[in-house]
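Just so we're aligned: 642 in UniProt numbering is position 642 of the first sequence, and the numbers increase by one with no gaps anywhere.
The beta-carbon is built from N, C-alpha and C at its ideal position, and this holds for glycine as well.
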Amino acid sequence: MEGESNQKYSHHGGNFGSYFRQKQEKLALQDDNEYSKKSNIFANCKVYINGNTDPPAIILKKLIIENGGEICAFLGRKSSATHIMATHLTNQKIKDFANHRVVLPEWVTESVKLGVLQDWTKFRTIKIESCFNVPSDKVLVVPKQDPAALNMNIIDSPGTKGDKVRIEWILNHRLKINCLNKSFISDYFNQSRLHFMSTRKLQLRRKCRTYQPPLFPTQGSERTLIHVDYDSFFVSASLRSRPDLSDQPVCVSNGSSGSDIASANYKAREYGVSNGMWVGKAKQLCPNLICLPFDFTEYAKCSDILYDTLLALNPLRISAISLDEALVDISNMADEAETVSQEIRRSIKDQAGIDVSIGIGSNILLARLALKKAKPKGQCVLSPEQVGEFNIRDLPGVGRQVQQKLDKLGIEKVSDLKSVPLSKLNSAVGNALSRKLHEYAYGKDTDDIRTLDTPIKTVGIEIGWAIRLISNEEVAQFVFNCCEELFSRLNAVNAYCEMITVKQYRKMSDAPFVAPKHLGHGHCDIASKTKKVNNKLTFEELVEDVMFLIQQLNCPPLEFRGIGLHMQVKEVESEIESREEPARKPFQSRIKFSTTKLPPPVTPTKQVLPSILPKPPPPKKRFTVTQLFQDANDASYTSQASLNARILSELPSQTRRQILLNEDDYLPSLSAPSLPLVTTDFLGKTSLSELRKLLKKWIDSCAAPTSNDARRFFNFIRLSITEDTLWARAAKLVDWIKVLAKDKPEWLYYHSLLYEETQKQLLAKNKATKLF
DNA sequence: AGATGGCAGTAG
DNA sequence: CATCGCTACTGCCATCT
Ligand SMILES: Nc1ccn([C@H]2C[C@H](O)[C@@H](COP(=O)(O)OP(=O)(O)OP(=O)(O)O)O2)c(=O)n1
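Next comes the structure, spelled out in structure tokens:
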């Protein structure tokens, strides 16, 4: 795998890692037989010996191997070397070896002498004394209290003392958190609340889009909307296991001073603590503030409860605002909006144990403001005349900046908006927003709930934490890892890419090198570059384009603080709808669907006429909420016999996957179809390389796997991935398929299924290991 | 004059 | 010890074609 992927990306002209990868070690490895095992001091150590050493490499090698260690002949990008041995390093090598343990030969000789493995940090090659000519009492160890004492902010030209001090600072922090680690991105995302919320919202959006509402005669434009939201969501969820704290000021956060408060309870808010505030500041306002940790699994469960409950109502429309918040059109039960709301709140509270508030109104604005008024633990109906009393900050689209601008015009309350001429408003906050605000002042809102859940337009990733890089090579390596992440996201949605945007956080010139938040991005300039791309974007092209744009942005590695990679996309579904593409997906076309003419294109964002869809679930009767829960999991429409490609593509991916993996076998393309499935082997092959060869033959032989083959291998992977001894091999095989599947959409899709499944299983096993 | 790229701002 | 500052969207403006 290593070899192939190197070849594969070699046309990037050594942009990244080539220095390591291509380098052939001079040290000749002779036969290993002449060594006699003496101890296990260096068990699990793999040492790469760099250049001339004292004592010479041949001696060190003998010592290491005889005492249970291994020698690496190469230093690859994903090399398994645990230590690099060197007596002397050039400045370039100091950078290149930044994220390695670089040790002096004495580490080996001392360890052998004392019979115990010595702490490598006591034998660093990269030390201030030897490399930077800076007095040793000044640096290396990060001071506990005052990082600024490190004097990171020396302003000088690159390559001088200040840079070296900064590099040293970075190297030290790397030992704990290293953004170049293969698993960094997935590790980070697994801990990031904002990432969790964003991805969760995406899923919910999809869920809401595929929801099929009941038929209901629309009576004019009169609507009844409810805005449903958990009260102080994260902290309420976390407090369920700590009821003893419920009357204390409590928040959910990661660490101490510079850590974001995700959610503060109402008690804490009395002190002025708010969501998004740093813990340090909050503690000043409220010294007794208690911090609880995140529990994403629980948040996901509660989120599901909320959405399942609302969907079980059979509303006319549901729109995902966030994981804890939804906007629901219940015009079909308008008369009972209040009692329905009571029921929803009681039911969710029963299931999740968290208070829910609901705002009821005839448009989106009124529902939102009603919710604001209802909180906490309440519900409220709002009419247009009542909006005047709210603060302008409560209005959608009014954040900190707009609030400041309006403040200068003397506008504080929504009612104040009426007295300011539109032209004045216009020049302060722009054309679109001023019109909107003017409407809001009268409780009007022309936005339609149906336009909220539109098809996705961009897919992107951003990382703005722990990015500390010291060379262009490292920048390239990190960006490459980001590309992998982005590409897998593109594969996860059914879309093709039209444009790529690279966004870069660059430390402002007057900002301190050490950011106020630990490993935060600090005060940054943000620049971006965009490039149009070929529709059928391959991974290599993506990397190439992104590298090109990064190069254009031309940020010194030491100032690189964050990155965003975004793709402007078109969802593929709409393409299938508008043009009948009979065999676009062999996978899908093999499904025996009825030959009846496809209905005209229907997108969920337009008025949907359920009657033309294949047997939607029958409109359910007015509910008692508990009754409806039993129906909530009803998947009757997925079992309909008459499927066609378009409808298939609109199904929730879970369902769709089920169908794909259950459809009849087609042509067996593997020669030995009847071998039994055993977890440890697949068609008799157990070793990684044998399995890779098998996969290569298989994938090269056809454009798409047959369903039977697909299912068998899928099961093989699925079973392996939960085994402690097998999961790493399975993960590598999935990775391998991605490489082989290049330019084969069916295989790429198959890969995405495998990927999804393995990720899920790994996460479930708490082996949050990044696969790719 | 419309299209496009870069950027700010907002929400949760 | 620290800390996990994401991501999709809209709209404005300057500059282009
Ligand atoms: N800056 C923010 C804002 C919100 N959230 C998370 C935590 C919240 O619990 C959740 C929902 O956000 P809300 O704005 O709905 O706030 P709460 O639910 O915490 O409180 P409220 O009762 O005001 O809705 O999103 C976050 O992590 N960081």
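Q: Closer than 7 Å by C-beta to Ser-341: which residues in its own chain qualify, once you throw out the five before and the five after it? Chain order, please.
A: Ile-226, Ile-358, Ile-360, Gln-379
Q.
Let's test the definition: count the other Cβ atoms within 10 Å of the Cβ of Gln-401 and tell me whether it reaches 16, buried, or not, exposed.
A. exposed
Q) Under the DSSP definition of a beta bridge, which residues are partnered with Pro-278? A) The identity of residue 278 in the sequence shown is Trp, whereas the question assumes Pro. In DSSP, Trp-278 forms a bridge with Asp-260.
**Q.** beta-carbon Tyr-307 near ligand 1 non-hydrogen atom, thresh 8 Å
**A.** no
(Q) Using 9 Å as the threshold, is the C-beta distance between Ile-550 and Ala-476 below it? (A) yes
Q. Is Asn-553 near Leu-486, with beta carbons less than 9 Å apart?
A. Per the sequence shown, the amino acid found at residue 553 is Leu instead of Asn. No, Cβ-Cβ distance for Leu-553 and Leu-486 is not below 9 Å.
Q) On the three-pair Cβ rule with 8 Å, is the stretch 35 to 45 touching the stretch 60 to 71? A) Segments in contact, yes.
Q: State yes or no: is the C-beta of Val-252 nearer than 8 Å to some heavy atom of ligand 1?
A: True, at least one ligand heavy atom lies under 8 Å from that Cβ.
Q) Nearest to Ala-367 by CA position, among Lys-377, Ile-526, Val-387, Gly-520, is which residue? A) Nearest C-alpha to Ala-367: Val-387.
Q. By DSSP, does Ile-177 sit in helix, in strand, or in coil?
A. coil
Q) Of all the options Ile-563, Asp-510, Met-85, which has the alpha carbon lying nearest to the alpha carbon of Ile-58? A) Of the candidates Ile-563, Asp-510, Met-85, the one whose C-alpha sits nearest the C-alpha of Ile-58 is Met-85.
Q) What three-state label does DSSP hand Asn-391 in the structure shown? A) strand
Q: Grab me the residues of Arg-729's own chain with a C-beta within less than 8 Å of its C-beta, minus the 5 sequence neighbours each way, in chain order.
A: The residues are Leu-688, Leu-691, Ser-720.
**Q.** Between the CA atoms of Val-398 and Glu-439 - distance to the nearest angstrom
**A.** 14 Å
Q. Per DSSP, what kind of secondary structure is Met-499 in: helix, strand or coil?
A. In this structure, Met-499 counts as strand in the three-state DSSP scheme.
Q: Could you spell out where the beta strand (DSSP E) holding Leu-530 opens and where it closes?
A: Checking the sequence shown, residue 530 turns out to be Thr, not Leu. 524 to 532 is the span of the beta strand (DSSP E), which, as asked, contains Thr-530.
Q. Between Arg-124, Ile-41, Ser-319, which lies nearest to Val-112 when the distance is taken from Cα to Cα?
A. Ile-41
Q. For Glu-66, which residues does DSSP report across the bridge?
A. Answer is none; Glu-66 lacks a bridge partner.
(Q) Using a 10 Å radius around the Cβ and a threshold of 16 neighbouring Cβ atoms, would you call Asn-50 buried or exposed? (A) buried
Q) For Ala-704, which of helix, strand or coil comes out of DSSP? A) coil
(Q) Buried or exposed for Ser-578, going by 16 or more other Cβ atoms inside 10 Å? (A) Only weak support exists for where Ser-578 lies, its pLDDT of 39 falling under 50; the value from the coordinates is given anyway. So Ser-578 counts as exposed.
Q: State the start and end residues of the unbroken beta strand (DSSP E) segment that holds Ile-84.
A: 83 to 85
(Q) Taking 8 Å as the cut-off, is the C-beta of Phe-390 nearer than that to any heavy atom in ligand 1? (A) Not under cutoff, so the answer is no.
Q.
For Glu-336 and Arg-269, what's the separation of their Cα atoms in angstroms?
A. 33 Å
Q: Would you tell me roughly how many angstroms separate the C-alpha atoms of Pro-516 and Gly-522, rounded to the nearest one?
A: Rounded to whole angstroms, Pro-516 to Gly-522 spans 6 Å at the Cα level.
Q: Go through the stretch 183 to 265 residue by residue and report every complete run of the beta strand (DSSP E) that reaches 3 residues or more, in order.
A: 225 to 230, 250 to 253, 261 to 264
Q: With DSSP as the reference, label Leu-323 as helix, strand or coil.
A: It is coil, neither helix nor strand.
Q: Less than 8 Å between the CB atoms is what I'm expecting for Lys-529 and Val-502, so what's the real figure, rounded?
A: Indeed they touch by this definition, with Cβ atoms about 5 Å apart.
Q) Within 8 Å: the Cβ of Tyr-48 and any heavy atom of ligand 1? A) no
Q. Going by other Cβ atoms of all chains shown within 10 Å of its Cβ, with 16 needed for buried, is Lys-436 buried or exposed?
A. buried
Q) Looking at C-alpha atoms only, which residue of Asp-447, Ala-262, Pro-376 is the closest neighbour of His-195? A) Ala-262
Q | Coil, strand or helix - Tyr-299 by DSSP | A | Note: Tyr-299 maps to helix in three-state DSSP.
**Q.** Inter-residue Cα distance where the pair is Leu-748 and Trp-727
**A.** 21 Å
Q: Would you identify the three-state DSSP class for Ile-330, choosing helix, strand or coil?
A: Reduced to three states, the DSSP call for Ile-330 is coil.
Q) When every heavy atom of ligand 1 is checked, does at least one fall within less than 8 Å of the C-beta of Phe-234? A) True, at least one ligand heavy atom lies under 8 Å from that Cβ.
Q: Consider the C-beta atom of Ala-262 and the heavy atoms of ligand 1; say whether any pair is separated by less than 8 Å.
A: yes
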